[in-house]
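Trainee: Numbering (the numbering used here), first residue to last: 375 to 804. Positions of the beta carbon are idealized from the N, C-alpha and C atoms, including for glycine. I'd like to ask some things about the structure below.
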């Protein structure tokens, strides 16, 4: 990935050596007035000449400096090690005696700082920076701040290089242990479909054609009747359909993170490269990681997976399978935030009509209110295979002392997930 500079800002600030030389200049003027000596006049000329050269140097030294960011990656996930190279090129004839590189992008809360030594005119340098990604989203990789000075440090020169480019950081996930379901492909490599009982198949429907839909799925009768291209949705077998509902209710989530910890290491620091990522003390980030792990695990087994957020309006990804479905789900989970004012129990009341008997429905939520329990019991009576991953809210508070769970979920398949638990423990509910 190469990021081309589009504009730059430069600031020049006087430092302590400047004020020291200014004091020396005044002292030389005073002594020259008292004593008519050539030495004081020569010293005064020398200081004046250096001041002039330092000002000119400060105005020109960073004008022809270019920094490009290059990386092999455009998409990474939280917990990954992100590697990038800073390509520094000094196109000017003026040398740079030292230079500090500060990464001011949102990639790091603790801004990376690297100092390099002498860089001559028409020379370049390559710096490698590694960082552990701990914040999901679309991160703009800009700007980069460069700081240098004249040889004795009279003036500090800083230049902020604004670049274009971004890195998509997907949510953290793990591969859960194998789900005991049949693969979509048979042993002979052909298509394998579990034959449902009568009434267990959801009839395929049609929707308007969108870019990327295969042409063999175009429903020509509807296309001819409507005058526009329509795509036929494949039939779904309800036993092979999984819904995952992520609770985005703002008031139910908590976080005791003051700031996202971000660390950068030299690429030779192999001890840090073995460090493992741990889920932060944030219930929403934990819920997103659980949801991502569940969705990818089922999709890898060829199961149709749908995704629901209790937002306004209701966010839904219809059940599907394949790499395109996985990409849509991961993109949605990359940007979702706990900003909803609708509780998950309220959403389930309106969403229950879309759930068919035999569907598996996962609820990822910290909510254990009586309304939530009633909604789950109602769906269970309708033949929905309800499974709850309850995020134990108390364990995410700073004063947690190991209190017991307040709500009994023994009437369905449920697990309690607390802060510090291993994400692979979610496999127990599969």
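1. Mind reading off the beta-carbon distance from residue 515 to residue 544? Whole number of angstroms is fine, and I expect it under 8 Å.
2. Can you name the residues that DSSP bridges to residue 497?
3. From the DSSP secondary-structure annotation, give me the bridge partner or partners of residue 622.
4. Do residue 770 and residue 628 have their C-beta atoms within less than 8 Å of each other?
5. Among the residues of its own chain, which have a CB less than 8 Å from the CB of residue 564, if the five just before and after it don't count?
6. Roughly how many angstroms lie between the CA atoms of residue 784 and residue 689, to the nearest whole one?
7. Could you compute how far the alpha carbon of residue 434 sits from the alpha carbon of residue 529?
8. Where does residue 411 land, buried or exposed, given buried means 16+ other C-beta within 10 angstroms?
9. Taking the C-alpha atoms as reference points, what is the distance between residue 541 and residue 739?
10. Would you call the region 596-605 and the region 714-734 touching, i.e. three or more CB-CB distances under 8 Å?
11. Do residue 668 and residue 736 come within 8 Å of each other at the CB atom, strictly closer than that value?
12. Out of curiosity, what's the CA-to-CA distance linking residue 733 and residue 760?
13. Can you give me the start and stop residues for the alpha helix (DSSP H) that residue 338 sits inside?
14. For residue 489, is the classification buried or exposed, using 16 other Cβ atoms within 10 angstroms of its Cβ as the cut-off for buried?
15. Looking only at C-alpha atoms, which of 625, 450 and 800 sits nearest to residue 741?
16. Distance check for residue 395 and residue 417, CA to CA, integer angstroms please.
17. Does the region 520-538 come close enough to the region 386-400 to have 3 or more Cβ pairs within less than 8 Å?
18. With C-beta atoms as the reference, is residue 665 less than 8 Å away from residue 729?
19. Using C-beta distances below 8 Å, list every residue in its chain close to residue 495, excluding the 5 sequence neighbours before and after it, in chain order.
20. Measure the C-alpha to C-alpha separation of residue 425 and residue 492 and round it to an integer number of angstroms.
21. Buried or exposed: which applies to residue 430, given that a residue is buried once 16 or more other Cβ atoms fall within 10 Å of its Cβ?
22. With DSSP as the reference, identify every bridge partner of residue 678, one or two as the case may be.
23. Note down, in chain order, each residue of its chain lying with its Cβ closer than 6 Å to the Cβ of residue 510, except the 5 sequence neighbours on either side.
24. Flag this pair as yes or no: are the beta carbons of residue 406 and residue 414 separated by less than 8 Å?
25. Since residue 518 contacts residue 478 with CB under 8 Å, what's their CB separation in whole angstroms?
26. When the cut-off is 8 Å and only beta carbons count, does residue 407 lie next to chain E?
27. Thinking C-alpha only, which one of 622, 437, 748 and 786 is nearest residue 762?
28. Can you tell me whether residue 538 is buried or exposed, with buried defined as 16 or more other CB within 10 angstroms of its CB?
29. Got a sec, what are the start and stop residues for the alpha helix (DSSP H) residue 597 sits in?
30. Can you list, in chain order, the residues of its chain whose CB lies under 7 Å from that of residue 428, leaving out five sequence neighbours each side?
31. Which residue wins for smallest C-alpha separation from residue 622, given the options 687, 747 and 399?
32. Would residue 521 pass as a contact of residue 460 if the rule is Cβ separation under 8 Å?
33. Considering only the alpha carbon of each residue, which of 703, 772 and 587 lies closest to residue 618?
34. What are the start and end residues of the beta strand (DSSP E) that includes residue 605?
35. What did DSSP end up calling residue 526 once you bin it into helix, strand or coil?
36. Can you look up residue 800 in the DSSP assignment and give me helix, strand or coil?
Mentor: Taking the definition as stated:
1. Rounded, the Cβ-Cβ distance is 16 Å, inconsistent with contact.
2. 464
3. Beta-bridge pairing links residue 622 to no other residue.
4. yes
5. Per-residue confidence for residue 564 stands at a pLDDT of 34, beneath the threshold of 50, marking its modelled position as unreliable; the derived number appears in the next sentence. Nothing listed; no residue qualifies.
6. 29 Å
7. 13 Å
8. exposed
9. 29 Å
10. no
11. yes
12. 8 Å
13. This structure leaves residue 338 out entirely; the chain is present only between 375 and 804.
14. exposed
15. 625
16. 11 Å
17. yes
18. no
19. 464, 466, 467, 468 and 469
20. 21 Å
21. exposed
22. 615
23. 452, 543, 545 and 708
24. yes
25. 7 Å
26. Of the chains in the structure shown, none is chain E; there is only one protein chain.
27. 786
28. exposed
29. 594-600
30. 524, 528 and 529
31. 687
32. no
33. 703
34. 604-606
35. coil
36. helix
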